[in-house]
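Novice: As given, the protein sequences belong to chains W and C, one line each in that order.
Residue numbers are given in numbering that gives the first Met the number 0: position 244 of the first sequence equals residue 243, and the series is strictly consecutive.
Residue numbers are given in numbering that gives the first Met the number 0: position 150 of the second sequence equals residue 149, and the series is strictly consecutive.
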Amino acid sequence: MTAVLAKAGTPGAGLEERKEAGWRKRDRWSGLVFVSPQLIGMSVFVLLPFAVGLVLAFAQWDGLTELSWVGLANFQAQLADPVFLRSILNTLGLAMITVPVGLALSLLIAVALDRLRGRTGYLLLYFAPVMTSSIAVSLVWQQILRADGPLNEAFSTVFGIPGPGWLSDPRFVLLAVSIVTIWSSLGLNVIIFLAGLQGINPTILEAARVDGAGPLRTMLAIRLPLLSPVVFFSTVVAVISSFQTFDVVFILTKDGGPENSARTIVYQIYDEGFKHFQFGMASAASIILLILTLVVTAVQLGLQRRFVHYES
Amino acid sequence: MNSITFSRRNFVAGALGVGALLATSACGGSAGGNSASQITWSTWGTPEEGQRFKTFNTAFKADNPSINATLQMVPSYSDYHSKLLTQLTSGTAPDVFYVGDDYLGKFVSAGVLMDLTPVVSGPDAKVTLADFNEALFGAGKTDKGIFALPNDCNPDVFWFDKKALAAAGITENPAELAAAGNWTIETFLAMCAKLAANGMTGAIFWNYWSTHWSWVTANGGEVFDSAGKFVLPQDPKSVAAIASLADAFANKSFTVADTLPDGSGADSLFVSHKAGFYVQGRYGIATAEQSGNKDDYDIAPWPTVSGKPGSSGVAASYLVINAKTKAPKTASTFVGEFLSSKGQTLRLADGGNAVPSVKGADSVVLGGNYPAHAKSFLDMTHTGFEDFSKEASVPGLSSDVSKAMLSMYQGKASAGDTIAAVSTLIEKAV
């Protein structure tokens, strides 16, 4: 800033300024070109579909004929539909299983790997399902969870009784979907937690050790509180991700499971839109999901003040 | 060696150029083929069926060297119509495509299909309207025109296992009883009870519209009246039929194929002589062949109250032309040849999995002399009925009704509750 002011007072400064303005103009254009792929992608694949979805939520449209406005009728119909209400309960149930269990397991594994030599190999192993297509993962699990599959074979060998119908018994289908979801997302949270653990200032840990804190005390009183921002971030992401569960349900259950036992909100959106050709109803369900996600995230942000500790 | 200077200006200009190129290429979607002699057509099917379609394509190309017909196959029936809908909405649907009977009504009423009347009329028509079995048009024929023609069909027949029946002490042959006009529901239920008493499954049914409604009509009931009103709940015979269906599933005489566990599914039960009857179409030939001795199996029509032949469900798929095709003449040529007696023979001969929808191709069904009473396939096609237009006109309704029926088949809902649930579904949708 000082240099610019100094230049302004010297002869020929106007020319310099004009030159600089030209540079800046060209820079602005170049910058726009560089960010345009993102902007175009965001507009076409996020903003435009959101706007269209918002409009369709108040209309009746089958994708083939003219749309007609129906006001709030789609929302009323969805909220009165027991299948949709079941899908909300299933979605919440899935989140209540997969988020705490998935995060707890990830944290345990991250703590175990924190001081381990050759942890890169383990990390690759845990991260492999994250890199694998969820369709491929679901297809493999579909075979594992068959009534006569290897899981039930092992079950009957160990316990001497036939295993449950993971994908055919309404009491077990959501659990089966949860197991696959946890397994396939474990690696990502392990990496995040491990990065968080390794980011903790070692002098704090050393001070605790000098003060006589054992490993358990250090974990509960130092490492976990300092890791809480990372846990919070992972929880928010995991909840949003579990609210968007579709592919595992689609592959494992084909139609949301017996008696809609594993039908999630996103599966319901797909079913309304692409099986029943009711895009208005599907869009209304999307908006309800958005509101649900916003409310739950807002609650999490509110709780953050009480439970999350920042090192500073 | 010359060096190339890659300045920022060059980069920006290049990036804009590539962007413009990508943008214009992305906007290049069109309805199917891009010239009058090029068309695309789509269907669902297994790899084996795909092979038959490729054989047809090759023969079509030989007869019409100037036409290129490109096949787009979708493996799963349940995903096929979702894809088709997005293609139609975005203007990239094929020129010619298959439509399932449970989605046909919607596509017809939406006006996205071309009127096929010219295809089946005129001196040059490869196939005429009179060649088709009238009962198979279903929702494809309206007072505004003919918008879909049946590719082929599959009447649900009662495949029976002679060995299983004998093991249960049943000496009568259902096919012979039917031929004599004595194939009654009472006899059939008695046979199923004997089979169940001997530790076998009486009859296996697939959970879809043909099963529910064929049982109602076999019992003399009515599902929809001629005006398209769902009258089943008001018809005492229909209500009694649904109740007897619920009873048969409850006492394990009947089993629903869809919910049998992996590894011991319907085919396994039937080929291992653990079930007396298996209700399915001509594709049952493949099931019988799996047993190693297909002569253990034969077919009979649906039993009726009187024992005389009745009317039962015939599943069909339809061929249609996209109303926005840029090659209507070429598409019409393709449809004419695909549905002609020659085309259907090419697709369905030698153990094919369906029954032709036109006259003049009966040899496809009768030629191999298998099963022994193969003529029942043709008889039942002529007397059968397609999925009711009202049901077929609402996408997903047929599968919603079947889901409601499944609860009853699994013993989780009573006949009365199921009828009420189905009534609500149909009233709400229609």
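Note that the Cβ used here is the ideal one computed from N, Cα and C, for glycine as well.
With DSSP as the reference, label C:M190 as helix, strand or coil.
Specialist: On the second sequence, residue 190 of chain C is found 191 positions in, with the first residue counted as 1. Of the three classes helix, strand and coil, the one that applies to C:M190 here is helix, per DSSP.
Novice: Work out the CA separation of W:L166 and W:F83 for me, nearest whole Å.
Specialist: Numbered from its first residue, the first sequence carries residue 83 of chain W at position 84. Numbered from its first residue, the first sequence carries residue 166 of chain W at position 167. Distance between the alpha carbons of W:F83 and W:L166: 20 Å.
Novice: In chain W, which residues lie with their C-beta within 9 Å of the C-beta of C:K105?
Specialist: Here residue 105 of chain C is taken as the residue at index 106 of the second sequence, counted from 1. The contacting residues are D61, L63 and F276.
Novice: Use the C-beta contact count for C:H80: other C-beta atoms within 10 angstroms, 16 or more gives buried, fewer gives exposed.
Specialist: Here residue 80 of chain C corresponds to residue number 81 of the second sequence, with the count starting at 1. Looking at its Cβ environment, which holds 16 or more other Cβ atoms inside 10 Å, C:H80 is buried.
Novice: Mind checking C:G168: buried by the 16 CB within 10 Å criterion, or exposed?
Specialist: Taking the second sequence and counting its residues from 1, one reaches residue 168 of chain C at position 169. Classification of C:G168: exposed, given that the 10 Å Cβ count is below 16.
Novice: Determine whether the Cβ of C:L84 lies closer than 8 Å to any Cβ atom of chain W.
Specialist: By one-based count along the second sequence, residue 84 of chain C stands at place 85. Closer than 8 Å to some Cβ of chain W, the Cβ of C:L84 qualifies, so yes.
Novice: What residues of chain W sit near C:T258, judged by a beta carbon separation below 7 Å?
Specialist: To locate residue 258 of chain C, count along the second sequence from 1; it is residue 259. Chain W residues near C:T258: S167.
Novice: When you compare only the Cα positions, how much space is there between C:F337 and W:P169?
Specialist: Numbered from 1 along the second sequence, position 338 holds the residue referred to as residue 337 of chain C. Numbered from 1 along the first sequence, position 170 holds the residue referred to as residue 169 of chain W. Each residue's alpha carbon lies about 44 Å from the other.
Novice: Given a cut-off of 8 Å on the beta-carbon distance, is the pair C:G137 and C:S413 in contact?
Specialist: The count along the second sequence starts at 1 and reaches residue 137 of chain C at position 138. The count along the second sequence starts at 1 and reaches residue 413 of chain C at position 414. It is not a contact, given that the beta carbons lie outside the stated cut-off.
Novice: From the beta carbon of C:T88, is the nearest beta carbon of chain W less than 8 Å away?
Specialist: Taking the second sequence and counting its residues from 1, one reaches residue 88 of chain C at position 89. Taking Cβ atoms only, chain W reaches closer than 8 Å to C:T88, which makes this a yes.
Novice: Between which residues of its own chain and C:K251 is the CB-CB distance below 7 Å, once the five residues before and five after are set aside?
Specialist: Mapped onto the second sequence, residue 251 of chain C falls at position 252. Hits under 7 Å: A195.
Novice: Counting pairs of Cβ atoms below 8 Å between the stretch 396 to 405 of chain C and the stretch 368 to 377 of chain C, do you hit three or more?
Specialist: No: the two stretches stay apart, fewer than three of their Cβ pairs being nearer than 8 Å.
Novice: Are W:L102 and W:T234 closer than 8 Å when you measure CB to CB?
Specialist: The count along the first sequence starts at 1 and reaches residue 102 of chain W at position 103. The count along the first sequence starts at 1 and reaches residue 234 of chain W at position 235. Taking 8 Å as the Cβ cut-off, W:L102 and W:T234 qualify as a contacting pair.
Novice: Please report whether the beta-carbon of C:S431 lies at a distance below 8 Å from any beta-carbon of chain W.
Specialist: Summary: the structure shown does not reach residue 431 of chain C, with chain C confined to residues 0 through 429, and so no result is reported for it.
Novice: Where does C:I425 land, buried or exposed, given buried means 16+ other C-beta within 10 angstroms?
Specialist: Numbered from its first residue, the second sequence carries residue 425 of chain C at position 426. Buried: at least 16 other Cβ atoms inside 10 Å.
Novice: Using 8 Å as the Cβ pair cut-off and three pairs as the minimum, do the stretch 344 to 356 of chain C and the stretch 254 to 270 of chain C touch?
Specialist: Result no; under three Cβ-Cβ pairs closer than 8 Å.
Novice: If we require 4 or more residues per run, which alpha helix (DSSP H) segments fall completely within the stretch 199 to 267 of chain W?
Specialist: Listed in chain order, the complete alpha helix (DSSP H) runs (minimum 4 residues) inside the stretch 199 to 267 of chain W are 201 to 209, 214 to 217, 223 to 242 and 246 to 252.
Novice: Hey, out of C:L135, C:M404, C:V278 and C:L268, whose CA is closest to C:A147's CA?
Specialist: If you number the second sequence from 1, residue 147 of chain C lands on position 148. With distances taken between Cα atoms, C:A147 lies closest to C:L135.
Novice: Answer with yes or no whether the minimum CB distance from W:G52 to chain C is below 8 Å.
Specialist: To locate residue 52 of chain W, count along the first sequence from 1; it is residue 53. Answer no: the Cβ-Cβ gap between W:G52 and chain C never drops below 8 Å.
Novice: Starting from the beta carbon of W:Q164, find every residue of chain C whose beta carbon is closer than 8 Å, and list them in chain order.
Specialist: Taking the first sequence and counting its residues from 1, the one referred to as residue 164 of chain W is at position 165. The sequence shown places Gly at residue 164 of chain W, not Gln. Under the 8 Å cutoff, chain C gives P260.
Novice: Quick one: does C:V111 have its CB under 8 Å from some CB of chain W?
Specialist: Working through the second sequence from its first residue, we reach residue 111 of chain C at position 112. Interface residue, yes.
Novice: Run down chain C in chain order and give the residues with a C-beta less than 7 Å from the C-beta of W:F273.
Specialist: In the first sequence, residue 273 of chain W corresponds to position 274, counting from 1. The contacting residues are S81 and L84.
Novice: Along the alpha helix (DSSP H) that carries W:F158, what are the first and last residues, could you check?
Specialist: Within the first sequence, numbered from 1, the residue matching residue 158 of chain W stands at position 159. Note, W:F158: alpha helix (DSSP H), P149 to F158.
Novice: Using only the alpha-carbon positions, how far apart do C:W158 and C:Q409 sit?
Specialist: For this step, residue 158 of chain C is matched to residue 159 along the second sequence. For this step, residue 409 of chain C is matched to residue 410 along the second sequence. Their Cα atoms are separated by approximately 22 Å.
Novice: Under 8 Å, Cβ to Cβ, is there at least one residue of chain W near C:G312?
Specialist: Counted from its first residue, the second sequence places residue 312 of chain C at position 313. False, the Cβ-Cβ gap to chain W never drops below 8 Å.
Novice: If you drop the 5 nearest sequence neighbours on each side, which residues of the same chain put their C-beta closer than 8 Å to that of C:A35?
Specialist: Numbered from its first residue, the second sequence carries residue 35 of chain C at position 36. Excluding sequence neighbours, C:A35 sits near K325, A326, K328 and T329.
Novice: DSSP puts C:L318 in a beta bridge; with which residues?
Specialist: If you number the second sequence from 1, residue 318 of chain C lands on position 319. DSSP lists C:Y97 and C:L148 as partners of C:L318.
Novice: Select from the stretch 394 to 411 of chain C all residues with a C-beta closer than 9 Å to any C-beta belonging to chain W, and list them in chain order.
Specialist: Those would be P394, G395, L396, S398, D399, K402, L405, S406, Q409 and K411, in chain order.
Novice: Kindly indicate which three-state DSSP category C:I298 falls into: helix, strand or coil?
Specialist: Looking up residue 298 of chain C in the second sequence gives position 299. Note: C:I298 maps to strand in three-state DSSP.
Novice: Measuring only between beta-carbons, confirm whether C:F387 sits less than 8 Å from chain W.
Specialist: Taking the first residue of the second sequence as position 1, residue 387 of chain C is located at position 388. No, its Cβ sits nowhere closer than 8 Å to a Cβ of chain W.
Novice: For C:N197 and C:A247, which I take to be in contact (beta-carbon distance under 8 Å), what is that distance rounded to the nearest angstrom?
Specialist: The residue given as residue 197 of chain C occupies position 198 in the second sequence. The residue given as residue 247 of chain C occupies position 248 in the second sequence. Actually they do not touch by this definition, with Cβ atoms about 16 Å apart.
Novice: For W:D270, name the three-state secondary structure that DSSP assigns.
Specialist: Within the first sequence, the letter at position 271 stands for residue 270 of chain W. If DSSP states are grouped into helix, strand and coil, W:D270 belongs with the helices.
Novice: Please identify the residue among C:P154, C:M190, C:E185 and C:V156 whose C-alpha is closest to the C-alpha of C:E171.
Specialist: Taking the second sequence and counting its residues from 1, one reaches residue 171 of chain C at position 172. Of the candidates C:P154, C:M190, C:E185 and C:V156, the one whose C-alpha sits nearest the C-alpha of C:E171 is C:M190.
Novice: Kindly indicate which three-state DSSP category C:Y369 falls into: helix, strand or coil?
Specialist: The residue labelled residue 369 of chain C in the question sits at position 370 within the second sequence. Looking at C:Y369 - three-state DSSP - the assignment turns out to be coil, as it is neither helix nor strand.
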